[in-house]
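Listed below in structure tokens is the structure:
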């Protein structure tokens, strides 16, 4: 790991290559808003960045307890940033519980900004501290900055006539002001945002702006304790273009809308609320004018069935959920496979099994996606690698679903869904349309005739004269689609369903190498949100002279046609995954290559250092 | 089908597909199939615009036998599939075909919601009080004490009353008929089809193999007139072979009771006049069971806004709000470039 100067205790304003800041407090403290405003200010300052919102499943856990701690982490720098950061340079802890939950993430020597106003005996007890961590040596390895933010905030907002309770709600803006000062960030954008957010409540707008300014002024007027530095993180060398921040959820929503436009179809998005997938429903519900209808169904099964019914009737049916909800949809997905209708199923994976840890990320549904249905029921599986990548991956899902008349499962995860990153906005004109074709010619029509190139059956939507036909979950006679229990026909139909999905490999790009050569000592193969840490770890090891390469899969099933050959060009292959080893099994099975897994299931993304360590261990073992 | 059929007048047979019907000989489903085909001919339904959607069970094979669009889905989920069809194309005429196990057991939840949402479709529930396709287990409508392979010493559960359930779900159209009522059934189906919103029709259907004659005590021709009351909007609730009995509301008991009418119709003024828009009356009628006469016909019809239209109204409203002309597609670039953007220069 490269060590940033932030931990060396120099009190002057210093230039950093990158820094990691985490805002942590009660779930009611507004930490997510604080973090996203700091993100905006940081993006405007020209840094590359990556964020990680981390919040509890409980909407309002008891105030002051560790269960209720909500946090927002941002990693920003003058170089490309691919992860939310391994360790914290700065932790802002709004109460003892926030300190307790997050302390182990702070770099040794890192800065911990504490609101001493919240360090009351009662709050210490709620956080489970037997003694005050400020005085018992707990913080000896760090640089605590103790400020009574509560009192300063109340003083700052006093002219606005709020109650004490209302006034304390502005504490997050005070903290934001202080951190803006620390990193030389412009607070203007946040002020504009506050003015518009509280447009009808000038009193609240004024108080929040006053708190923000007071926090910044507090830093500037050198009331800050000694040992605290101000920093600058210079602009990153970022490719020129128009940028915005985008979460994985937003990018997926836009990708689905854009994909449907390229296919010339309306979207019928049908889902049932579940963490962390619900946000996609919220996002698309606001986009109805883009020819989108959204349907909040009575359960996961109904959501999937409604999406299938919509596809049958000529829309792009889309459903979304997380692992447990996907499990419920499974029988219906089998129906879409049998009836050979296009369907996009988005799975924002989360830690499991069962309810597991709904707000924590994991990538443990790969088996479920590729194999998880009764009988031989193949479909196409894609995975987005980062928040912004949700856009292109969703478009690819629509393209393949409509081209092959087959369900496509699009895997994201809790991290991708919630995290944001700057996105160089593409020009939509650069995307080639792939218009869906509805069958309309009655002559020689049969619902299970096939396109010789794609093996797709015709999409004949109700309302088309002369094409009335029946489809269903009972095995169908090839061609006519009539119910058939014929032994030979079932063999043929099973073979065709498998071949059709494998044929998609002909229409997907060849697998490329992200970092490094196409042959070498060690390949690190990843999929989904491990992209960031793997890319950085691989680059670090290459700088140290190792012949390592990073391969990252978007197409999980079918796998790219050249992947086997590519993997065989490496002496060893490791596969870091946030699961117990799923892609690694798939690769070993498909290519008989000696791949080994690097597994992590803590509900948190990989750290760069963890992947580096695994790579080094492997390289050393190999040479010995 | 290889060419667009456009006969001048659609006959019932024109709605039959070329597939051999494979219900058991003597199954009540044959009569219902005939009544539905009769109904479609009566209203001259366009097969290209008609969709039959089903779940699983004997009744669920129905779509295969219709020369319309058809979708045989999965157990209990036909209302959800049909909702999706209507979301994508509200102009299609959608019929859901279901049974007592399919609609009230595994699919009870979906029945609730399709009715409450008032999706514009016809929901036909073939009730034979037994699981036929799985060989004769008791169903959620079986009376307590039903002996079956899974309840050799008698079932222990109270049955659900399908029409009462539908009314409780907020259905705006609820009717009941019998497979053998070949004159009445097409009239009820025609009303259901004409109703905008979710129309629920319970069709009592005889399973000749596993539950033969279960409704005989009120559907046999010999007892029918005395054991059924056929309700007609605006007409008094009179029944009996000699039309000498009527239904009266007893306010003290908050119940419906039977009264004998005189030879010249004396007492008719006390008989309830059926008002199909009255939910309380419909609930009481739906609950009537032998020895009271079983109510047949349209028990409740009180139209309300339909979900599939409202959804598209919202889309239209949002489009209007954004100043979009008819058929105008808002630019994707405007979507992805929304929010706070910034430019990184070449420098």
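Chains as they are written, first to last, in our numbering: chain S, 3 to 626; chain Y, 3 to 349.
C-beta atoms are modelled at their ideal positions from N, C-alpha and C, and glycine is treated no differently.
1. In whole angstroms, what is the alpha-carbon distance linking residue 250/Y and residue 266/Y?
2. What are the boundary residues of the beta strand (DSSP E) that includes residue 57/S?
3. Counting Cβ pairs, one atom from each stretch, are 3 or more of them under 8 Å apart for the segment 37 to 53 of chain Y and the segment 209 to 228 of chain Y?
4. Skipping 5 residues on each side, what residues in its chain have a beta carbon closer than 7 Å to that of residue 392/S?
5. I want to verify the contact list: residues of chain S whose CB lies under 8 Å from the CB of residue 65/Y, in sequence order.
6. Under 8 Å between the Cβ atoms of residue 17/Y and residue 69/Y?
7. How should residue 261/S be labelled, buried or exposed, when 16 other C-beta atoms within 10 angstroms of its C-beta is the threshold for buried?
8. Suppose the cutoff is 7 Å on Cβ atoms and the five residues either side in sequence are ignored; what does the same chain contact list for residue 126/S look like?
9. Between residue 309/S and chain Y, is the shortest Cβ-Cβ distance under 8 Å, so that the two count as touching?
10. Could you tell me the distance, in whole angstroms, from the CA atom of residue 150/Y to the CA atom of residue 481/S?
11. Can you pull the chain Y neighbours of residue 484/S, defined as C-beta to C-beta under 7 Å?
12. Establish whether the CB of residue 79/Y and some CB of chain S are separated by less than 8 Å.
13. Are the segment 206 to 220 of chain Y and the segment 20 to 31 of chain Y in contact at 8 Å, needing three or more beta carbon pairs?
14. Of the residues 549/S, 50/S and 114/S, which one's Cα is nearest the Cα of residue 241/S?
15. Using beta-carbon positions only, say whether residue 272/S and residue 79/Y come within less than 8 Å of one another.
16. Just to check my reading of the structure: residue 102/S and residue 130/S have Cβ atoms closer than 8 Å, yes? What is that Cβ distance to the nearest angstrom?
17. Can you tell which of 17/S, 469/S and 105/S has its C-alpha closest to the C-alpha of residue 232/S?
18. According to the neighbour-count rule (16 or more other Cβ atoms, all chains shown, within 10 Å of its Cβ), is residue 502/S buried or exposed?
19. Between the C-alpha atoms of residue 455/S and residue 602/S, what's the straight-line distance to the nearest angstrom?
20. Would you say residue 205/S and residue 141/S are within 8 Å of each other, going by their C-beta atoms?
21. Per DSSP, what kind of secondary structure is residue 349/Y in: helix, strand or coil?
22. Cutting at 8 Å between CB atoms, please list the residues of its own chain near residue 69/S, excluding the five before and the five after it.
23. Taking the runs of the alpha helix (DSSP H) that are 4 residues or longer, which of them lie wholly in the segment 116 to 170 of chain Y?
24. Identify the residues that DSSP records as bridge partners of residue 524/S: which are they?
25. When burial is assigned at 16 or more other CB atoms within 10 Å of the CB, is residue 120/Y buried or exposed?
26. With three or more C-beta pairs closer than 8 Å as the rule, is the segment 187 to 194 of chain Y touching the segment 104 to 115 of chain Y?
27. With distances taken from CA atoms, which of 519/S, 605/S and 546/S is nearest residue 571/S?
28. What span of residues does the alpha helix (DSSP H) with residue 259/Y cover, start to end?
29. Whole angstroms are fine: how far does the CA of residue 459/S sit from the CA of residue 25/Y?
30. Please confirm if the segment 272 to 281 of chain Y is in contact with the segment 301 to 314 of chain Y, defined as three or more CB-CB distances below 8 Å between the two stretches.
31. According to DSSP, is residue 272/S part of a helix, a strand, or is it coil?
32. Looking only at its chain, what residues have a beta carbon closer than 7 Å to the beta carbon of residue 313/Y, apart from the 5 residues adjacent to it on each side?
33. Is residue 274/Y helix, strand or coil by DSSP?
34. Run down chain S in chain order and give the residues with a C-beta less than 8 Å from the C-beta of residue 49/Y.
35. Any Cβ of chain S within less than 8 Å of the Cβ of residue 128/Y?
36. Please classify residue 210/S as buried or exposed, where buried requires at least 16 neighbouring CB atoms within 10 angstroms.
This is what the structure gives:
1. 18 Å
2. Taken as a continuous stretch (DSSP letters only), residue 57/S belongs to no beta strand (DSSP E), as it is neither H nor E.
3. no
4. 250, 253, 254, 257, 386, 414 and 418
5. 472 and 474
6. yes
7. buried
8. 98 and 134
9. yes
10. 40 Å
11. 21
12. yes
13. yes
14. 50/S
15. no
16. 7 Å
17. 17/S
18. buried
19. 41 Å
20. no
21. Since pLDDT at residue 349/Y reaches only 49, below the 50 mark, its modelled position is unreliable, and the value read off the structure follows with that caveat. Correct three-state label for residue 349/Y: coil.
22. 58, 60 and 63
23. 164 to 170
24. 550/S and 574/S
25. buried
26. no
27. 519/S
28. Note, residue 259/Y: premise wrong, no alpha helix (DSSP H); beta strand (DSSP E) at 257 to 262.
29. 29 Å
30. yes
31. strand
32. 89
33. coil
34. 470
35. no
36. buried
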